[in-house]
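Trainee: One line per chain: the protein sequences are F and Y, in this order.
Here the first sequence stands for residues 1 to 269, numbered as in the working numbering.
Here the second sequence stands for residues 1 to 444, numbered as in the working numbering.
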Amino acid sequence: MSTLEIRNLHASVEDTEILKGVNLTLHSGEIHALMGPNGSGKSTLAYVIAGHPHYEITEGDILVDGESILEMEADERTKAGIFLAFQYPVAVPGVSVANFLRTAVSNVRGYTEQADSNRGGVIGSNLMPMRDFRRELTAKMKEYNVDSSFARRYLNDGFSGGEKKRTEVLQMAMLEPKFAILDESDSGLDIDALRVVADGINKLATPDRGFLMITHYQRLLNYVKPNFVSIFYGGRIVKTGGPEVAEMLEERGYGWVEQEFGTGELVAA
Amino acid sequence: MSVLVKEPTIMTEAAGFNEETVRAASAAKNEPEWMLAFRLAAWRTFESMEWPKPTDEAWRRTRLTGFHLDNFTPFTTTSRQSARAELSDLLQTELDEMESAASLIFQDGGVLFGETHDDLASKGVIFTDLQSAVTEHPELVQKHFMTSVVKPDHNKFTALHAALWDTGAFIYVPKNTKVELPLQVILNQAAGAGGYHHTLLVAEEGAEVTVVDDLLGGEDAMQSSVVEIVQSANSVVRYMNLQDFDHTAWNFMTGRAAMGKDADLRWIQVSWGSRLTKAFLDLDLMGQGGHAELLGIYFPTGRQHIDHQTLQIHRVPNCFSDLLFNGALKEKARSVYMGIIKVLPAAQKTDAFQRNGNLILDSSARADSIPGLEIQADDVRCTHAATAAQVEEEYVFYLMARGLSRAQAERMIVQGFFQAVLDRVPVESVVHKLERVIERKIGG
């Protein structure tokens, strides 16, 4: 049983405060949906948890099992069990999915220590054994509906929106995080692609894993049932409850949030 | 106000060189009279040509400050051959790593070692050192050697090369003959010396061959090489020029392929080493239906200066040429890419592409890219593009969010940048070797 705890988190970009005191506790086995209008700072929260260097933390803390991760680089946070599924996964030309994932998995599972730049030419020497990696990747590609040809393709290069999101789920399955932050994993997907992604999330939603599911719309929640739903507005959580909160939002729209919680200016994209 | 502009002098004359140097080079090799005559004529051409000036377009960005030709004595003797076991570890490794049809190693102005694994002779394939070819196949050498593809007066360096050429391979593949495995040529340029390495590759109609030129050594040396590829109709040539000289070497190269009807060429040009490289590379599409690819990679570090100047000439209709040069730069390195696609009036339905990408790893590095089109036909498809970018922080963050360290992420992105060319390198052992060099270069 693990805990991800966000305490009174404030974060800024170039002196503009975007997160204004976020409080949230996520336990293993929980799915916590974070809903909010565009520009409320939801994606910023995802980036800040994952350790994006662009943001300055001015107050508060993020803890995994009581240990602060604020001083950790993004890769160390990943090793500590955090996984961010990107809203817009970047394409990295020339880097194959298999090659990159083998290095990633080897790091996260402790096959390799921090790459030693003084030992140029060692890529491949400290990695997870190729055969084991291949076997696992092939099995998981099948399980998560990713065509086996994707192993050799360049990461997200020329992938459709649905292919990118499915590849994000595959990466999550390979990295086996304690906590997954899903940033708009439903955006830009047609209904079939959404179903495939949702199936993947449901398979991965085991009792030893917690999910923070950021979404603008109710529709992903039709497929992945959250335990908690929070409304994010103006850089902080303004309401938390059960699935009924999502239903209320669906019914009343975000205009109601504005009336209820004031015209908090939009702080971020 | 008047400003006094002093024209910088960039080279000294070849004070230590004269006609006697040329005669001595020829005599040491017991060359026939016609080759001596060829050399002497080339020497006169060299003497009559001006050294490049910094105001010449080709030399505006690549200065030869500090280059003195007379510091680099040419070899006027021939070397002795070694047994394989006597070769240096480096050379033995080079031989071991590539599964070749035959290999030739040159050093100190002559052949150091040669071995053949395939029965080339029974197929009529000639793979020998050019020096031997002069006496054994004079009619072929006289027909092709610097007569049409690269003539002595092509530029100052080719004239010097024609007068003083020493090492290099002569490759002749007869009609409809296929050499399955690559032919491997290694030049181990001796320290402090001036070398003039030549590659003459003649592919007759329907012939297929792969040739790898490996250029090593060169501490405080100068190399001025020429590559000539002559392709008859329907021939298929894969050519790799892998330059990994010591970072103190001066390197000048002129390479050109003349392609007949439906000929197919893929030329991989790799520039890892040298303190300074100026390479002129031309594709000359002379027969309809020609298909040419010219792919380059470079990765200067420290104070290295690498300059590639390319020309894609489309003379006739319905030819295809694709050029891609990708380079990464570190520290105070400098690169220049200058290229022209020239489409002559008759060359309708030309498809020609030219791309140069630069990845700047340190703000103190600099890449100049000057692509160009000269199109005289109206029904053509030609594009060119040049980019200079840094490693994207968003890429790095994405990979780090998957557990890669910053160093691993940056390394992977740089390797990925070269992959577009590596994917098209036709010999697997060469791919591995290039990957290792990239790794080494990234690591420092």
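In this text, a Cβ means the ideal position worked out from N, Cα and C, and glycines have one as well.
From a predicted model like this one, the values you see are computed outputs, not experimental measurements.
Taking the beta carbon of Y/E228 as the centre, do at least 16 other beta carbons fall within 10 Å, making it buried, or is it exposed?
Mentor: When all chains shown are included, Y/E228 counts as buried.
Trainee: Closer than 8 Å by beta-carbon distance: list the chain F residues that pair up with Y/Y398, in chain order.
Mentor: By Cβ distance, chain F contributes F86, P89, V90, V92.
Trainee: Less than 6 Å between C-beta atoms, sequence neighbours within five positions excluded: which residues of the same chain meet that for F/G188?
Mentor: Contacts found: G161.
Trainee: Find the residues of chain Y that neighbour F/K79, judging by a C-beta separation of less than 7 Å, and give them in chain order.
Mentor: Per Cβ cutoff of 7 Å: G403.
Trainee: Note down, one range per segment and in chain order, each beta strand (DSSP E) of at least 3 residues found wholly within the region 8-38 of chain F.
Mentor: The qualifying runs are 16-27, 31-35.
Trainee: Using a beta-carbon distance below 9 Å, is Y/E293 in contact with chain F?
Mentor: No, because no Cβ of chain F sits closer than 9 Å to the Cβ of Y/E293.
Trainee: Can you name, in chain order, every residue of its own chain whose Cβ lies under 6 Å from the Cβ of Y/M222, other than the five neighbours on each side?
Mentor: Excluding sequence neighbours, Y/M222 sits near F72, G194, W250.
Trainee: To the nearest angstrom, how far is it from the Cα of F/P226 to the Cα of F/G210?
Mentor: Computed Cα separation, rounded: 11 Å.
Trainee: Which chain Y residues sit within Cβ distance under 7 Å of F/A74?
Mentor: Going along chain Y in sequence order, the residues near F/A74 (Cβ under 7 Å) are F397, M400, A401.
Trainee: Are Y/W279 and Y/K330 closer than 9 Å when you measure CB to CB?
Mentor: Before going further, note that residue 279 of chain Y is Ala rather than Trp in the sequence given. No, they are not a contact pair.
Trainee: Excluding the five sequence neighbours on either side, which residues of its own chain have a C-beta within less than 6 Å of the C-beta of Y/I306, listed in chain order?
Mentor: Correct list, in chain order: S271, T277, Y298, P300, S335.
Trainee: Going by CA-CA distance only, name the one from Y/T147, Y/R440, Y/F418 that's closest to F/G94.
Mentor: Nearest option by C-alpha distance: Y/F418.
Trainee: Go ahead and pull the three-state DSSP assignment for Y/G206.
Mentor: Here Y/G206 sits in coil by DSSP.
Trainee: List, in chain order, every chain Y residue whose beta-carbon is nearer than 9 Å to that of F/L175.
Mentor: What F/L175 touches in chain Y: R402, G403.
Trainee: Can you name, in chain order, every residue of its own chain whose Cβ lies under 8 Å from the Cβ of Y/R60, other than the five neighbours on each side?
Mentor: Excluding sequence neighbours, Y/R60 sits near P54.
Trainee: Of the residues that make up the region 44-58 of chain F, which ones have a beta carbon closer than 9 Å to any beta carbon in chain B?
Mentor: Chain labels in this structure do not include chain B; the protein chains are F and Y.
Trainee: Residues in the region 168-200 of chain Y with C-beta within 9 Å of chain F's C-beta atoms, listed in sequence order?
Mentor: Per Cβ criterion, the list is empty.
Trainee: According to DSSP, is Y/M35 helix, strand or coil?
Mentor: Reduced to three states, the DSSP call for Y/M35 is helix.
Trainee: Starting from the beta carbon of F/F100, find every residue of chain Y whose beta carbon is closer than 8 Å, and list them in chain order.
Mentor: Result: L399, R402, L404, M412.
Trainee: So what's Y/A85 in DSSP terms, helix, strand or just coil?
Mentor: Residue state, collapsed to three classes: helix.
Trainee: Chain Y partners of F/T167, CB-CB under 9 Å?
Mentor: Chain Y residues near F/T167: none, gap ~11 Å exceeds 9 Å.
Trainee: Does DSSP put Y/A221 in a helix, in a strand, or in coil?
Mentor: The answer is coil: DSSP assigns Y/A221 none of H, G, I, E or B.
Trainee: At the level of alpha carbons, what is the spacing between Y/Q243 and F/D183?
Mentor: Near 47 Å, if we compare the C-alpha coordinates of F/D183 and Y/Q243.
Trainee: Give the list of continuous beta strand (DSSP E) stretches no shorter than 3 residues that lie fully inside the region 208-232 of chain F.
Mentor: You should have 210-215.
Trainee: Could you check if F/G41 is buried or exposed, using at least 16 other CB atoms within 10 Å of its CB as the buried criterion?
Mentor: The residue is buried, with at least 16 neighbouring Cβ atoms inside 10 Å.
Trainee: Counting only beta-carbon atoms, is F/A246 nearer than 9 Å to chain Y?
Mentor: No, F/A246 does not count as interfacial toward chain Y.
Trainee: Could you tell me if Y/R39 is buried or exposed, where buried requires 16 or more neighbouring beta carbons within 10 angstroms of its beta carbon?
Mentor: Buried.
Trainee: Would DSSP call Y/H291 helix, strand or coil?
Mentor: Strand.
Trainee: Can you tell me whether F/I62 is buried or exposed, with buried defined as 16 or more other CB within 10 angstroms of its CB?
Mentor: Its Cβ being crowded by 16 or more others within 10 Å, F/I62 is buried.
Trainee: Is the region 150-170 of chain F close to the region 196-203 of chain F, with three or more CB pairs under 8 Å?
Mentor: Short answer: they touch.
Trainee: Within 9 Å (strictly less), CB to CB, does F/A11 reach chain Y?
Mentor: No, its Cβ sits nowhere closer than 9 Å to a Cβ of chain Y.
Trainee: When DSSP labels each residue in this structure, what does F/K42 get in the three-state scheme?
Mentor: Here F/K42 sits in helix by DSSP.
Trainee: What are the partner residues of F/K140, as DSSP defines its beta bridges?
Mentor: BP columns for F/K140 are empty, so no partner.
Trainee: Sort Y/T21, Y/I171, Y/V212, Y/T135 by Cα distance to Y/W43 and report the nearest one.
Mentor: With distances taken between Cα atoms, Y/W43 lies closest to Y/T21.
Trainee: In angstroms with no decimal places, state the Cα-to-Cα distance between Y/Y455 and Y/V236.
Mentor: Limits of chain Y in this structure are 1 at one end and 444 at the other, which puts residue 455 of chain Y out of reach.
Trainee: Output the distance between the C-alpha atoms of F/S117 and Y/Q408, rounded to the nearest integer angstrom.
Mentor: Summary for F/S117: the model assigns pLDDT 49, below 50, so the residue's position carries little reliability, and this model does not support an answer.
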